[in-house]
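At position 194 of the sequence shown (counting the first as 1) the number is 194 in full-length UniProt numbering, and the numbers step up by one without a gap. All residues carry an ideal CB built from backbone N, CA and C; glycine is no exception.
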Amino acid sequence: ETKKSEDTDSYSSEEINAGVENVKSETFSRELTAAKNSESDSKDLSETQYWIKNSLTQDGNSYEELQKNMGQGLQLEVKSSEEQEYGYIVTMKDPLSVEKGLELMKEVADLLKLHMSAFDDVNVLGPAVTFRVHSNLQNISTADVAKAAAINKEKLEKTTGLKILETGVGEKSNVPPLPQRGEEAESAKFLLLTLLSLACIAGVLVASGVAYCLRHRARHRLKEKLSALGADAGSDAPAAYQELCRQRMAVKTSDRPEPLHASRINSVSSQFSDGPIPSPSARSSTSSWCEEPVQSNMDISTGHMILSYMEDHLKNKNRLEKEWEALCAYQAEPNATTVAQQEENTQKNRSRAVVPYDHSRICLKAESSHDNSDYINASPIMDHDPRNPAYIATQGPLPATITDFWQMVWENGCVVIVMLTPLTENGVKQCYHYWPDEGSNLYHIYEVNLVSEHIWCEDFLVRSFYLKNLQTNETRTVTQFHFLSWNDQRVPASTRSLLDFRRKVNKCYRGRSCPVVVHCRQAFIFNFSLSVGSDGAGRSGTYILIDMVLNKMAKGAKEIDIAATLEHLRDQRPGMVQTKEQFEFALTAVAEEVNAILKALPQ
């Protein structure tokens with residue numbers, strides 16, 4: 001202990017170390033010390049005088065005024081630096097920045113009405129700030145500061161934005177080690193990521209093993225099934241059915257009119273060329289039937305059952321008649337069509353008999369429509385996935401609905417249109433010309449460019465369009481397959497031409513996840529390729545029925561009920577498949593394709 005000194009001017013100007021910052025550990029140190037050249041009481045007195053003068057000078061008071069105003073007997077306790085206590089405040093922030101550490105200490109000083117000069121040896125290390133308090137007029141100790149920080153924890157957190165975890169004091173040599181939460185957190189994250197990676201690798205290995213086992217087992221079963229069915233493959237029933245189909249097709253082909261020749265010069269798009277075959281300059285009578293059916297996972301036993309079923313129906317006309325009568329008596333539920341019958345929408349329908357159900361209709365975006373309406377005479381047709389339609393059945397566009405048609409194609413992401421009607425039949429217009437003959441046409445905000453037109457054979461041609469949305473500047477390629485040899489209320493002269501046409505459509509559409517648009521004269525059907533008849537029910541329904549049944553068989557379906565499939569279509573759009581002849585044609589086409597697939601399979 002030392003008493004007040006009379007010599008106010010005798011203090012040493014020692015070297016002052018301040019503002020030492022270690023960049024790597026982000027540790028800031030500000031230390032104001034008086035070098036100890038001797039351990040005498042007079043040197044301790046000189047050090048004390050310097051601290052007092054320095055503090056008062058920063059507060060705006062002179063050291064001489066203190067000497068005049070200080071009462072008698074004022075004593076200051078000074079401990080040696082080895083015995084002074086250190087305080088610490090641990091925060092959630094790791095690492096804590098130097099600026100934030102100083103801001104925190106400034107807030108603590110303001111709470112205690114201390115000047116920052118009262119703090120000595122302030123350090124920022126990791127998430128904590130450490131400090132010590134030298135003697136001051138308020139007689140506040142390091143422990144008082146730590147206690148005040150704990151009591152005012154919420155206020156400090158609010159003003160500094162820091163989360164305070166712990167406060168405390170200790171001797172310099174006994175200050176508890178600061179928690180290395182940053183390193184622990186990084187270590188925990190690394191461990192978690194390692195475990196997740198190992199789990200993913202293990203999952204992939206297990207899934208691969210299971211898939212390999214299942215595939216190997218399926219192949220083994222298939223070999224057993226093929227060997228068991230080998231004797232049945234040559235049975236008389238398929239042979240008799242095939243002969244019956246050949247006789248039926250021969251009779252129809254003999255009545256077929258002579259092929260027409262086109263005068264239009266055609267440009268061939270490379271995307272539709274299957275080989276080096278040159279594009280014909282006119283519609284050729286040569287069919288592409290020689291192209292093999294696509295690879296199929298059709299079950300052989302199911303294929304033979306289908307052939308037997310078709311043979312029975314084609315031979316037994318009474319059975320076919322009764323089945324058709326039952327289909328005609330079928331009523332879909334629900335079947336309300338109030339939206340289509342509204343006055344503002346009736347002019348958009350070709351026929352009052354074929355309009356979409358309220359629960360199953362394509363809704364346009366009214367804000368993008370030219371007349372702020374969401375109505376179009378079109379129905380989504382679902383197959384196995386109720387969330388994603390496989391087709392869109394729609395009527396042939398009218399002059400007033402062309403814009404709606406292209407809006408529907410754009411909004412539903414369609415890239416394939418299947419058109420099943422000629423533009424005119426016997427001088428009667430069946431469908432409006434909804435694409436440009438050459439160059440481009442603008443329909444509201446949709447620009448349609450004709451890229452190419454390829455006459456594939458006398459029965460159908462292929463057009464490629466470049467569709468652009470002028471609002472978004474997005475573009476899309478749309479392919480139209482136009483079947484020419486199918487008159488209204490009738491059937492094509494041969495199943496071969498339609499099946500070949502279907503193969504071309506599916507080859508273009510393969511791998512797509514959008515619906516096809518299918519339309520004829522009065523209605524269109526959109527599959528995520530697009531199929532168009534006129535009313536979108538008769539020819540469109542027949543095409544969709546054939547395509548849906550064959551797709552199910554190609555995926556390995558064990559049971560096929562064509563009548564039930566047709567009822568499923570009529571639940572979604574009225575009038576699908578309009579005549580018994582169209583239904584019979586669908587049965588024949590399915591049988592013909594099944595027979596071709598069975599021939600292509602290894603026996």
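Assuming residue i contacts residue j under a Cβ cut-off of 8 Å, what Cβ separation, rounded to an integer in Å, is found between them?
i: residue 614; j: M553; result: This structure cannot speak to residue 614, because the chain is shown only from 1 to 603.
i: P399; j: F405; result: Their Cβ separation, rounded to whole angstroms, is 11 Å, which puts P399 and F405 out of contact at 8 Å.
i: T302; j: A557; result: 7 Å
i: V478; j: I544; result: V478 to I544, Cβ: 19 Å. No contact.
i: I151; j: L112; result: With 8 Å as the limit, I151 and L112 do not qualify as a contact, their Cβ atoms being about 11 Å apart.
i: A118; j: V133; result: 6 Å
i: A340; j: P356; result: 6 Å
i: Y466; j: N449; result: 4 Å
i: L499; j: E559; result: With 8 Å as the limit, L499 and E559 do not qualify as a contact, their Cβ atoms being about 22 Å apart.
i: L156; j: L104; result: 7 Å
Below 9 Å between beta carbons: does that hold for residue i and residue j?
i: K429; j: L423; result: yes
i: K93; j: P127; result: yes
i: K504; j: W435; result: no
i: T130; j: G87; result: yes
i: I201; j: V90; result: no
i: A591; j: L314; result: yes
i: V516; j: Y509; result: yes
i: V169; j: E85; result: yes
i: Q395; j: R350; result: yes
i: G413; j: C328; result: no
i: V451; j: F481; result: no
i: residue 619; j: R490; result: An answer regarding residue 619 cannot be provided, because it is not within the stretch 1 to 603 covered by the chain.
i: T588; j: M310; result: yes
i: E425; j: N487; result: yes
i: W476; j: V415; result: One point to set straight first is that residue 476 is Arg, not Trp, in the sequence displayed. Going by C-beta atoms, R476 is nearer than 9 Å to V415.
i: Y330; j: R570; result: yes
i: N551; j: D385; result: no
CB-CB under 6 Å to residue i, same chain, minus the five flanking residues each way: which ones, in chain order?
i: Y375; result: N345
i: R573; result: S379, A393
i: A149; result: I89, V108, T167
i: A586; result: T542, L545, I546
i: L601; result: none
i: L320; result: H313
i: A143; result: V169
i: T403; result: H370, Y443, H444
i: K468; result: E447, T475
i: S464; result: S269, V451, S452, T479
Leaving out five residues before and five after residue i in sequence, what residues of the same chain have Cβ atoms less than 7 Å from its Cβ?
i: V23; result: Because V23 sits at a pLDDT of 33, beneath the cut-off of 50, its placement in the model cannot be relied upon, and the point is left open.
i: T401; result: K348, I376
i: L470; result: I445, E447
i: D459; result: F483, L484, S485, S497, F501
i: C213; result: none
i: S284; result: At S284, the pLDDT of 35 sits below 50, so the modelled position is not reliable and the matter cannot be decided from this model.
i: E323; result: A563
Using a Cβ-Cβ cut-off of 8 Å (strictly less than) and excluding sequence neighbours within five positions of residue i, which residues of its own chain qualify?
i: T159; result: E107
i: K365; result: D374, Q407, E411
i: Q578; result: Q489, A537, G538, G541
i: N335; result: Y357, P574
i: S13; result: Only weak support exists for where S13 lies, its pLDDT of 37 falling under 50; the value from the coordinates is given anyway. Nothing meets the Cβ criterion.
i: L437; result: Sequence inspection shows Asp at residue 437; the Leu mentioned does not correspond to that position. Cβ neighbours of D437 beyond the five flanking positions: L450.
Hey, does residue i have any beta-carbon neighbour from chain C nearer than 9 Å?
i: F190; result: In the structure shown, chain C does not exist; there is a single protein chain.
Check your understanding: If you pair each beta-carbon of the region 353-361 with each one of the region 376-383, do three or more pairs fall below 8 Å?
Key -> yes
Review point. Does the region 449-465 come close enough to the region 383-397 to have 3 or more Cβ pairs within less than 8 Å?
Key: no
**Study point:** Residue ranges of each alpha helix (DSSP H) within the region 388-412, 4 or longer
**Key:** Entirely contained in the region 388-412, the alpha helix (DSSP H) runs reaching 4 residues are, in chain order, 402-411.
Check your understanding: Between the region 111-124 and the region 193-209, do at least 3 Cβ pairs fall closer than 8 Å?
Key -> no
Exercise for review: Mind listing, in chain order, the continuous beta strand (DSSP E) runs of no fewer than 3 residues lying wholly within the region 417-481?
Suggested key: Under the rule that a run must span 3 or more residues, the beta strand (DSSP E) segments found entirely inside the region 417-481 read 440-443, 446-455, 460-469.
Practice item. At 4 residues or longer, and completely inside the UniProt domain "Tyrosine specific protein phosphatases" (534-584): list those alpha helix (DSSP H) runs for me, N to C. Key: 538-554, 562-570
Practice item. Run through the region 81-109 for me and flag every whole beta strand (DSSP E) of 3 or more residues, listed as ranges in chain order. Key: 85-91
Check your understanding: Can you give, in chain order, each stretch of the alpha helix (DSSP H) that sits fully within the region 326-362 and has at least 4 residues?
Key -> 343-346
Check your understanding: Unbroken alpha helix (DSSP H) runs of length 4 or more, entirely within the region 101-175: which are they?
Key -> 142-151, 153-160
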